[in-house]
Each structure stands twice: as C-alpha cells, then as structure tokens.
Amino acid sequence: MVGGTTMRLRDAENYLIGLDMGTGSVGWAVTDTEGNLMHFNGQPTWGSRIFPTASTAAEARSHRGQRRRYERRRQRIVLLQGFFKDEMDKVDPDFFLRLNQSMLLLEDRDDRISSDVYALFNDPGFTDKEYYDRYPTIYHLRKRLIEDPSKADIRLVYLALHNIVKHRGNFLHQDNKKLSASNSGMVGSVEEFLNAFVDWCDNKDISTSLSGDADALDETAQKITAILEDPHISRGDKYKQFSDLLNTEKAYKKSIADQLGKAAIGYKVDFKKFFSIEGETDYSFMLSEDEKVEEFMPACPDDGQYLFEMLQKVYSAYILSGILEGAKEGETISFIKARDFDTYGKQLKTLKRLVGTHVPDAYDSFFRGKTISDDKGNSNHSYQKRGSAGYTLYDLDHGSGSYDRFKKDVVDLFEGENSKADPAVLSDPDYLQMKEGFEHERFLRRQKTSDNGAIPYQFHLEELRKICENQGKYYPFLLTEEDKLTSLVEFRIPYYVGPLTTKNAAQDGQGKNRFA
Numbered sequence: 000m001v002g003g004t005t006m007r008l009r010d011a012e013n014y015l016i017g018l019d020m021g022t023g024s025v026g027w028a029v030t031d032t033e034g035n036l037m038h039f040n041g042q043p044t045w046g047s048r049i050f051p052t053a054s055t056a057a058e059a060r061s062h063r064g065q066r067r068r069y070e071r072r073r074q075r076i077v078l079l080q081g082f083f084k085d086e087m088d089k090v091d092p093d094f095f096l097r098l099n100q101s102m103l104l105l106e107d108r109d110d111r112i113s114s115d116v117y118a119l120f121n122d123p124g125f126t127d128k129e130y131y132d133r134y135p136t137i138y139h140l141r142k143r144l145i146e147d148p149s150k151a152d153i154r155l156v157y158l159a160l161h162n163i164v165k166h167r168g169n170f171l172h173q174d175n176k177k178l179s180a181s182n183s184g185m186v187g188s189v190e191e192f193l194n195a196f197v198d199w200c201d202n203k204d205i206s207t208s209l210s211g212d213a214d215a216l217d218e219t220a221q222k223i224t225a226i227l228e229d230p231h232i233s234r235g236d237k238y239k240q241f242s243d244l245l246n247t248e249k250a251y252k253k254s255i256a257d258q259l260g261k262a263a264i265g266y267k268v269d270f271k272k273f274f275s276i277e278g279e280t281d282y283s284f285m286l287s288e289d290e291k292v293e294e295f296m297p298a299c300p301d302d303g304q305y306l307f308e309m310l311q312k313v314y315s316a317y318i319l320s321g322i323l324e325g326a327k328e329g330e331t332i333s334f335i336k337a338r339d340f341d342t343y344g345k346q347l348k349t350l351k352r353l354v355g356t357h358v359p360d361a362y363d364s365f366f367r368g369k370t371i372s373d374d375k376g377n378s379n380h381s382y383q384k385r386g387s388a389g390y391t392l393y394d395l396d397h398g399s400g401s402y403d404r405f406k407k408d409v410v411d412l413f414e415g416e417n418s419k420a421d422p423a424v425l426s427d428p429d430y431l432q433m434k435e436g437f438e439h440e441r442f443l444r445r446q447k448t449s450d451n452g453a454i455p456y457q458f459h460l461e462e463l464r465k466i467c468e469n470q471g472k473y474y475p476f477l478l479t480e481e482d483k484l485t486s487l488v489e490f491r492i493p494y495y496v497g498p499l500t501t502k503n504a505a506q507d508g509q510g511k512n513r514f515a
C-alpha cells in the first residue's frame, strides 16, 4: 500500500515473485519493485502450500533387492533339484512335489500327494517323525553325512545340500580361500579395517597415532584380535578397549572411536551422524540387521564405503569367533551347531533347576502358560503367545529384541525389586555362570539368529564338498557335477551389474520399463 492506495497486481507493469521452498512446503509473495505487497481480487498476494515430503527410492530399492535375492535363491534350488531328479525318481518320484507344496493346505495340494500325511517322508517305518527324532536340526543331518561315509538315502543327501545352497552364507571374506571352521580370519579382518580407518582419518584430517606407523598397526591388530576373541571380557569392556586402541585425538574419541568400537561388537550406532549424512532418513542400526545395512549402503558416502565394508568384516569375524569357540581340530560348522543344540538343552535344564529351587512359585508362569483350544474347547497343548511370559514367551516370539527381553526377564526374576527369589541364588555357581553366558549372548541362544549371517560361504562350501566326496561313491553325479554344485554356493553376481532381466520390470506412465 502506497499513500493509502492498494497496489493491484493487474495494474502493475513490473512485479517481483519471492519463493521460500522447503522439503514439505513452499511460501510465496508478490511485491512491486519497491518491495510493497501486491493485491489480487482484494486479497494480498502471499501464501503457502504444504505437501507431503518427497521420499527417496531407498525403500523401493531395498524391497527390490530383497525380491531379487529371493528369486535367485529359488533359481538355485530349481537347479539343484535338476541335478538330483534322475536319482530321486528311482526312489521317490513325488518327493520334490511334496517338498515344494509343503506349505499348502492338504486340499490345495496336487492330487498325487493330497493323501500323503507327511511333507517329507511317508515310507513304512520312516516318516517325518522318525526323521526329526534322528536329526533334530539340519546340522545333525549334515554332520552325519560328513562323518559317516556309508550310503545314505538320496533324499537325505538332497536335504543337506538344499540347506547349504539355500543358506549359503555371506561373501564378506570371498577373497580368503583359506577360511574354514578352524580359522575365522579375525587378524586379517582387523588389519584391513585399521588400514581403512587410517586412510579415512587422513582424508578427514583427523589425527591418529596409527597413521604412517606399520609396526603400530600390526601391534594394534594383534591386541584388538586378542580382545575380541577373549571370552572372559564383557562386551562393554571390549568396545571400550577397542576404541582406546584406535588412538584418535581426544576431540574425536566419543564421536568416532567409540562408535566404531560399538559397531564392531554389535551395538546400535547412528551411522547418519557418524558419516555426516544429510536428510531425514534414520540410519541408526546394528550390523546384525541385514536389511538396514542394505538400505544404508547406497546412502553411505563414497569416501566411507570401504571403511564401512571393513567394519562389517570385523563384526562378522567377531561373531564368527564366538560361534567357533570351543571348536576342535577338523570340525566343520555343523559339528559346532549340533553341539550348540545339546548345550541349549543342558542350559534349559539349568534354568529350570534354578527357578524350581530358588523361585518355585514363579515356575508355572515362567515356563508354562495358557494353551490354545479348538472350537470345542479341547486344548492342543500349544501355548498362546498373548499373555505368556518368561521362557514361554521367548520360545514363541522369535522377533528382534526377544533375546534381550528374555535376558531381562530372567535377571528381574532373581534380582528385581519385586523378586521373591531366595538370596542364596546370587552365590549359586550355575546362576553366576548363566549371567556370564547372558553377558556374551551365549546362554539359551537359539540356533536360528542373525548371528548366522556372519558365517561365510566357505564354511558351507567345505561341507558340500565333503558330502559329495562321501556320497559320490554311491551317486556318481555328485562327483561329475561337483563343479556345478559348488558354483551354486560360491557364484555371486557382482553388485554393480544391476538387473539381469526386464521381464518383471515396473513401467512408468509412458509404458517404459523403470527397473526390474
């Protein structure tokens, strides 16, 4: 308004448009050349518009990558079944059909197998019940095929190789051909990490006493390896000693060294803050969370990619050293896993004894619960997840965080403010040993956890070759096709290749393929 007169946009020869643009809104105003606000239809020419914040393709990319991995896994299984088909047809022509349709209801299965009671074995005297009694886990079967060279049922051989090909392990150490169950590759992983760390610090002008000192690097690698492999050092102390050995200047101790130490032993770290990544996406995660790691990789700065990859290798080697703890000379991963299964049973008995002896009133609520009933009120003896607590809930809930919750429930039961436990439990040797096991996440740890992601493919390949060697005397195709079988485990499409097909590609508005 000039001299009491409203400046109308229609009458202006020249005007200015100002925009204030944000990620979720835009503000605008129209003024004359003197900065006076204009009017249009009697209203001031200013305002704002709010709209949904744009999102990156990270989520779609993550799901797309997961679909590709599942599809390639299915392709590997189809190829494996092709190698076994001729021999399988001689013994059980419908075995693959039953296996592939095992998740379907009986009425939805192929007519040829709709009357079969069991999904795997329907032989007289050998059904799924006998199979699971003999082999409680797939590792027991793999162990048997490795240590016993006698002829095995071709279906058992297939199931063992099926598991290996399906869950073939990671490729973090793919250049280390000497990796085996007797060598976790910890020292090499730590050395590579330290070199990557020093290079990264040099590029960022961050001072560390390790820079330019090869002897100090070697010595530090040995010390860090000893710390990570020592079962008597708590996780909290491990990360502190790890970070201290990185020898960064004091200003970066907390923001860099401590974060790397935490990540290396599996604690949650804010990598967005660590690598100074802009944007609203949260990148706080543990290295055991594979999906979040996959989501983060495209966002990781180029100058931090190698450091992050080497950090993953250290974490993998650390978890692996825990898995291999107590391994005997010549043992493969299945021997260790089978022994872990037996250890789990012994530990469960220990926990039951401790509760029954020191907190008997809590035994039923901790190990039992409300059972599921059918429409007629008949119980099938399966416990309901809702309303369960203690070990019962832990046994039913396999989600992330269930182990930490269970550990807390156990400690609260014996030491919590409302605990009714006999104080004598605090000096019970079994209780003290149990607490130490919890500290290292080795007490009542399930077989199927994210820790298995730390197992490199070489461990599984080692067993596949041994099984082929033992059973190849009876099934010659295992030897003649061994190279192709091993390629199902060790072949990996380089990440930079991208989509290999446009068959299932999504299309844009013009009908053109966007991506596979």
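Under numbering that gives the first Met the number 0, the sequence shown has 109 at position 110, and the numbering climbs by one with no breaks. Backbone N, C-alpha and C define an ideal beta-carbon position, used for all residues, glycine too. For clarity, every value in this text was computed on a predicted model and none was experimentally measured.
In the DSSP assignment, find the unbroken alpha helix (DSSP H) run with T30 in it and report its ends.
Counting from one through the sequence shown, the residue named residue 30 turns up at place 31. Counting along the chain, T30 falls outside any alpha helix (DSSP H), though it belongs to the beta strand (DSSP E) covering 24-30.
Quick one: what's N121 bridged to in DSSP?
Here residue 121 is taken as the residue at index 122 of the sequence shown, counted from 1. Beta-bridge pairing links N121 to T126.
For I163 versus E462, is the C-beta distance shorter than 9 Å?
Reading the sequence shown from its first residue, position 164 is the one you call residue 163. Reading the sequence shown from its first residue, position 463 is the one you call residue 462. Closer than 9 Å, so yes.
Per the DSSP calculation, L15 is bridged to which residue(s)?
Sequence index remark: in the sequence shown, residue 15 carries index 16 (1-based). In the DSSP output, where bridge partners are listed per residue, L15 has T30.
Which residue from G436, M102, A263, R133 puts its Cα closest to that of M309?
Walking along the sequence shown from the start, residue 309 turns up at place 310. Residue A263 is the option with its Cα nearest to M309.
Taking its Cβ as the centre, do 16 or more other Cβ atoms sit within 10 Å of M102, making it buried, or is it exposed?
Locating residue 102 in the sequence shown gives position 103, where the first residue counts as 1. Exposed.
Consult DSSP for F490 and reduce its assignment to one of helix, strand or coil.
Here residue 490 refers to the residue found at position 491 of the sequence shown. Correct three-state label for F490: coil.
Helix, strand or coil for Y402? Go by DSSP, reduced to three states.
Within the sequence shown, residue 402 is the residue found at index 403, counting from 1. Here Y402 sits in helix by DSSP.
From what residue to what residue does the alpha helix (DSSP H) around R7 run?
Here the question's residue 7 lines up with position 8 in the sequence shown. Run containing R7: none; DSSP gives neither H nor E here.
Confirm, please, whether the CB-CB distance from K465 to F437 is below 9 Å.
Locating residue 437 in the sequence shown gives position 438, counting from the first residue. Locating residue 465 in the sequence shown gives position 466, counting from the first residue. Against a cut-off of 9 Å, the Cβ pair of K465 and F437 comes out as no contact.
Going residue by residue through the region 277-352, where are the continuous alpha helix (DSSP H) segments of at least 4 residues, counting only ones entirely within it?
289-295, 301-322
Assign Q173 to buried or exposed, taking buried as 16 or more other Cβ atoms, counted over all protein chains shown, within 10 Å of its Cβ.
Against the sequence shown, residue 173 aligns to sequence position 174. Answer is exposed; the Cβ neighbour count stays below 16.
Can you give the Cα-Cα distance for K249 and V292, rounded to whole angstroms?
By 1-based counting over the sequence shown, the position of residue 249 is 250. By 1-based counting over the sequence shown, the position of residue 292 is 293. When rounded, the distance between both Cα atoms is 29 Å.
Please list, in chain order, all residues of the same chain as F490 whose beta carbon is under 6 Å from its beta carbon, the five residues on each side excluded.
Taking the sequence shown and counting its residues from 1, the one referred to as residue 490 is at position 491. Closer than 6 Å at Cβ, skipping near neighbours: no residue.
Please report how far the alpha carbon of G34 lies from the alpha carbon of L18, in whole angstroms.
One-based indexing of the sequence shown puts residue 34 at position 35. One-based indexing of the sequence shown puts residue 18 at position 19. Each residue's Cα considered, the two are about 14 Å apart.
Which residues share a DSSP beta bridge with V116?
One-based indexing of the sequence shown puts residue 116 at position 117. Under the DSSP definition of a beta bridge, V116 lacks any partner.
Are three or more beta carbon pairs between the region 108-126 and the region 424-438 nearer than 8 Å?
no
For F273, collect the residues of the same chain with a Cβ closer than 6 Å to its Cβ; drop the 5 residues on either side in sequence, then sort them by chain order.
To locate residue 273, count along the sequence shown from 1; it is residue 274. The residues Q258, in chain order, have a CB closer than 6 Å to that of F273 in the same chain once the five nearest residues on each side in sequence are set aside.
Under a three-way DSSP split, which group does N99 fall into?
Walking along the sequence shown from the start, residue 99 turns up at place 100. Looking at N99 - three-state DSSP - the assignment turns out to be helix.
Taking V186 as the reference, give the member of H166, T224, T207, R154 with the closest Cα.
As a first step, residue 186 must be located in the sequence shown, where it is residue number 187. Nearest C-alpha to V186: T224.
Assuming D93 and R111 are in contact, meaning their beta carbons sit under 8 Å apart, how far apart are those beta carbons, in whole angstroms?
Here residue 93 corresponds to residue number 94 of the sequence shown, with the count starting at 1. Here residue 111 corresponds to residue number 112 of the sequence shown, with the count starting at 1. The pair is a contact, with the Cβ atoms about 6 Å apart (cut-off 8 Å).
Please work out which residues of its chain come closer than 6 Å, Cβ to Cβ, to Y495, disregarding the five sequence neighbours upstream and downstream, and give them in chain order.
Start at 1 with the first residue of the sequence shown, and residue 495 comes out as number 496. With a pLDDT of 49 at Y495, under the threshold of 50, the predicted position of this residue should be treated as unreliable, though the coordinate-derived value follows. Cβ within range, chain order: n/a, list empty.
For a test of the three-state rule: what should DSSP assign to T44, helix, strand or coil?
Counting from 1 along the sequence shown, the entry for residue 44 is found at position 45. Looking at T44 - three-state DSSP - the assignment turns out to be coil, as it is neither helix nor strand.
Alpha helix (DSSP H) containing I466: first to last residue?
Taking the first residue of the sequence shown as 1, we reach residue 466 at position 467. I466 -> alpha helix (DSSP H) spans 456-470.
Please state if the CB of A453 and the CB of I332 are separated by a distance shorter than 9 Å.
Mapped onto the sequence shown, residue 332 falls at position 333. Mapped onto the sequence shown, residue 453 falls at position 454. It is not a contact, given that the beta carbons lie outside the stated cut-off.
So the candidates are E330, F50, M87; which of them puts its Cα closest to the Cα of L477?
By 1-based counting over the sequence shown, the position of residue 477 is 478. Answer by Cα proximity: M87.
Whole alpha helix (DSSP H) runs in the region 251-276 with 4 or more residues, listed along the chain?
257-263, 270-273
Let me confirm a value: Y517 is counted as buried when at least 16 other C-beta atoms fall within 10 Å, else exposed. Which label applies?
Shown here, the chain extends from 0 to 515; a query on residue 517 therefore has no answer.
What is the DSSP secondary structure of M37, counted as helix, strand or coil?
Within the sequence shown, the letter at position 38 stands for residue 37. Reduced to three states, the DSSP call for M37 is coil.
Is the beta carbon of L245 less than 9 Å from the beta carbon of F284?
The residue labelled residue 245 in the question sits at position 246 within the sequence shown. The residue labelled residue 284 in the question sits at position 285 within the sequence shown. Result no, Cβ atoms of L245 and F284 do not sit closer than 9 Å.
Between which two residues does the alpha helix (DSSP H) containing V164 stretch?
Walking along the sequence shown from the start, residue 164 turns up at place 165. Where V164 is concerned, the enclosing alpha helix (DSSP H) stretches over 153-165.
How is N175 classed by DSSP in three states: helix, strand or coil?
Reading the sequence shown from its first residue, position 176 is the one you call residue 175. Correct three-state label for N175: coil.
Can you tell me whether L15 is buried or exposed? The criterion is at least 16 other CB atoms within 10 Å of its CB, across all chains shown.
Taking the sequence shown and counting its residues from 1, one reaches residue 15 at position 16. Exposed, because fewer than 16 other Cβ atoms sit within 10 Å of the Cβ of L15.
Within the same chain, show all residues whose beta-carbon is closer than 6 Å to that of I137, passing over the 5 residues directly before and after it, in chain order.
Locating residue 137 in the sequence shown gives position 138, where the first residue counts as 1. So the list reads N162, once near-sequence residues are dropped.
Buried or exposed for H357, please, with buried defined as at least 16 other CB atoms from any protein chain shown within 10 angstroms of its CB.
Here residue 357 refers to the residue found at position 358 of the sequence shown. It counts as buried.
Just mark Q470 as buried or exposed, buried being the case when its beta carbon has 16 or more other beta carbons within 10 Å.
Mapped onto the sequence shown, residue 470 falls at position 471. Burial call: buried.
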